[in-house]
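With full-length UniProt numbering, the residue at position 240 of the sequence shown is 240, and numbering never jumps.
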Amino acid sequence: MATGSTPGPGAPGTPRVLRAMNDRAVLDLLVAHGPLTRTRIGELTGLSKPTTSQLLGRLEAAGLVHTTGSLSGRPGPNALLYEIDPGAGHVAALSADPTGITALVADITGTVLGRERVEADAVAEDVRHRTAQLVTEAVDGALRQAGLGHEDLRAAVIGTPGAIDPHTGQLRYAPHLPGWHSRTLRDDLAAVLGTPVDIENDVNLAAVAEQYEGAAQDHDNYVLTWLDEGVGAAIVLGGTLLRGATGGAGEIGYMPLPGAPLLRRSPGQRGGGDGGFESLVSAYVVRKLGGDGATLTDVFADDSALDEVARRIATGIAAVVAVVDPELVVLSGSVAQAGGDKLRVRVEEELTGIALPRPLIRISELDGDPILTGALRQALTQARDQVFDTG
1 MATGSTPGPG APGTPRVLRA MNDRAVLDLL VAHGPLTRTR IGELTGLSKP TTSQLLGRLE
61 AAGLVHTTGS LSGRPGPNAL LYEIDPGAGH VAALSADPTG ITALVADITG TVLGRERVEA
121 DAVAEDVRHR TAQLVTEAVD GALRQAGLGH EDLRAAVIGT PGAIDPHTGQ LRYAPHLPGW
181 HSRTLRDDLA AVLGTPVDIE NDVNLAAVAE QYEGAAQDHD NYVLTWLDEG VGAAIVLGGT
241 LLRGATGGAG EIGYMPLPGA PLLRRSPGQR GGGDGGFESL VSAYVVRKLG GDGATLTDVF
301 ADDSALDEVA RRIATGIAAV VAVVDPELVV LSGSVAQAGG DKLRVRVEEE LTGIALPRPL
361 IRISELDGDP ILTGALRQAL TQARDQVFDT G
């Protein structure tokens, strides 16, 4: 073994690596806190004034930070404020559903600059061969609003029902989106958008949104239960999403329960099926409790219907709790939003006395579309890993 060798430029502990680590620490601080003075950055990082000054000069020259006014009202000269340069990179976040595709474009700070919705029936024959075109239409519309082009994008994340099988690259558990099942879809989308593309389960993205800015911010072990036209869950253990061997962890819509045998769904079917947890608690099924033309609000105005839905939801939650033992269950989707706190209280009551750990139950309070919020958060994480790498 050779002795006295000099570490390469990227070896751990070398000045280059330490500079890159300090750069990233400061950039992450500016993302988290917004504009900061040099003095405050030094206090938060423990870096000396000369080192902080050199670091900020380096990041400013690289186009990653810039000054944005000054902090006045204190003795001595005004202190310059530094912030992330929003033009350092941009991302696209998309949500695909049975009626169309929504796209957002945001800068590296997370500020949304453009939004576009393209309507398209997922089971229409022409859509099967136009998925990449529809995604491009949505992203292009958002880019036009932002005054940007494909070359400005650093990452794109698309939320869709189902999950990508890591072994085949093919979308599973989403027969109602036939245009999304090509094994080369991810590469096809990356080619037309000009940036790497991740296709992620929509409920997983809703869970990411809860982790960043919702009910799960203080929890590393939680389950997000999605109760909408479709039913699913995202399971987070130790702060990490559980995906499973085929990407299907959390597909609780298929879960057999008393009164709901194993789900056998026809191709393209959505919203009930002939079994599984989804056939008990999907929005379609819950509305049927109120009769023809009833809305979810109508159903939950009836205490007996509210009690019945809470009992069904609690039965499904108990099955999940028995397997993964989460500290928190977040209820999201249109059924949870319509039921609100009255539904949450009744679900908690149904879980009282069961011979299992009792998790906290919360209703999601996120504004807007949690799937798009999660897609944006994931895209920003990927883009920042690229843009903020100064090593």
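We treat Cβ as the ideally placed atom computed from N, Cα and C, and that holds for glycine. This structure is a prediction, so every number in the text was calculated from the model and none was measured.
> From A156 to H176, what distance separates their C-alpha atoms?
Replying inline: Those two C-alpha atoms are separated by around 23 Å.
> In this structure, what does DSSP give as the bridge partners for R115?
Replying inline: Looking at the DSSP assignment, R115 forms a beta bridge with L104.
> Can you tell me the Cα-Cα spacing of L56 and R38, whole angstroms?
Replying inline: If you take the alpha carbons of L56 and R38, they lie about 8 Å apart.
>> For L356 and K49, what's the separation of their Cα atoms in angstroms?
In response: Approximately 54 Å, taken between the alpha carbons.
> Is the region 228-245 touching the region 340-351, taking contact as three or more C-beta pairs under 8 Å?
Replying inline: Counting Cβ pairs under 8 Å, fewer than three are found: no touch.
> At which residue ranges does the UniProt domain "HTH arsR-type" (16-97) contain complete alpha helix (DSSP H) runs of 4 or more residues, listed in the order of the chain?
Replying inline: Given a length threshold of 4 residues, each whole run of the alpha helix (DSSP H) inside the UniProt domain "HTH arsR-type" (16-97) is given here in chain order: 38-45 and 49-61.
> Helix, strand or coil: which one does DSSP assign to A138?
Replying inline: The answer is helix: DSSP assigns A138 an H, G or I state.
> Helix, strand or coil for Y222 per DSSP?
Replying inline: Here Y222 sits in strand by DSSP.
> Thinking C-beta only, is A375 closer than 8 Å to L27?
Replying inline: Contact flag unset, no.
> Whose CA, out of L280, V31, E151 and A216, lies closest to the CA of L257?
Replying inline: Minimum Cα distance to L257 is reached at L280.
> So, helix, strand or coil for I317, using DSSP?
Replying inline: If DSSP states are grouped into helix, strand and coil, I317 belongs with the helices.
> If you check the beta carbons only, do S70 and L59 fall under 8 Å apart?
Replying inline: Contact flag unset, no.
>> Assess contact between the region 241-260 and the region 361-381, defined as three or more Cβ pairs (one per stretch) separated by less than 8 Å. Is contact present?
In response: No, the region 241-260 is not in contact with the region 361-381.
>> In this structure, how does DSSP classify D121 when only helix, strand and coil are distinguished?
In response: DSSP places D121 outside both helix and strand once states are collapsed to three, so it counts as coil.
>> To the nearest angstrom, how far is the alpha carbon of D367 from that of T14?
In response: Cα-Cα distance, rounded: 45 Å.
> From G149 to A20, what does the alpha carbon distance come to, in whole angstroms?
Replying inline: Going from the Cα of G149 to the Cα of A20 covers about 29 Å.
>> One question on the structure: do V91 and R154 come within less than 8 Å of each other, judged by their Cβ atoms?
In response: Against a cut-off of 8 Å, the Cβ pair of R154 and V91 comes out as a contact.
> With distances taken from CA atoms, which of G87, L185 and D218 is nearest G63?
Replying inline: Of G87, L185 and D218, the residue nearest in Cα terms is G87.
> Between the Cα of A379 and the Cα atoms of G89, G169 and A191, which residue gives the shortest distance?
Replying inline: Nearest C-alpha to A379: G89.
> Measuring CA to CA, which of L47, T160, R16 and T51 is closest to A200?
Replying inline: One detail in the question is off: residue 200 reads as Glu in this sequence, not Ala. Measuring from the Cα of E200, the nearest candidate turns out to be T160.
>> So, with DSSP's three-state summary, where would you put D369?
In response: D369 falls in the coil class under three-state DSSP.
>> Suppose you measure from the CA of R311 to the CA of E349; what does that come to, to the nearest Å?
In response: Each residue's alpha carbon lies about 9 Å from the other.
> If you check the beta carbons only, do G275 and E251 fall under 8 Å apart?
Replying inline: No, the pair does not count as a contact, with Cβ atoms beyond the cut-off.
>> Buried or exposed for Q211, going by 16 or more other Cβ atoms inside 10 Å?
In response: Under the 10 Å beta carbon count, Q211 is surrounded by 16 or more other beta carbons and is classified as buried.
> What do you get for L262, buried or exposed, if any count of 16 or more other CB atoms within 10 angstroms of its CB means buried?
Replying inline: It is exposed - the Cβ of L262 has fewer than 16 other Cβ atoms within 10 Å.
>> Taking the alpha helix (DSSP H) that G339 belongs to, which residues open and close that run?
In response: Segment S334 to L351, the alpha helix (DSSP H) holding G339.
> Should V309 and V286 be called a contact, given that it needs their Cβ atoms to be closer than 8 Å?
Replying inline: Against a cut-off of 8 Å, the Cβ pair of V286 and V309 comes out as a contact.
>> Whole angstroms are fine: how far does the CA of D307 sit from the CA of Y173?
In response: Roughly 30 Å separates the two Cα atoms.
> Taking DSSP as the reference, what is the three-state secondary structure of D152?
Replying inline: In the structure shown, the three-state DSSP call for D152 is helix.
> Should S282 go down as buried or exposed, given a rule of 16 or more other Cβ atoms within 10 Å for buried?
Replying inline: Buried: at least 16 other Cβ atoms inside 10 Å.
>> Considering only their Cβ atoms, is the gap separating L205 from I371 smaller than 8 Å?
In response: For I371 and L205, yes; Cβs fall inside 8 Å.
>> What residue range does the alpha helix (DSSP H) around D292 cover?
In response: Element bounds for D292: n/a, residue is neither H nor E.
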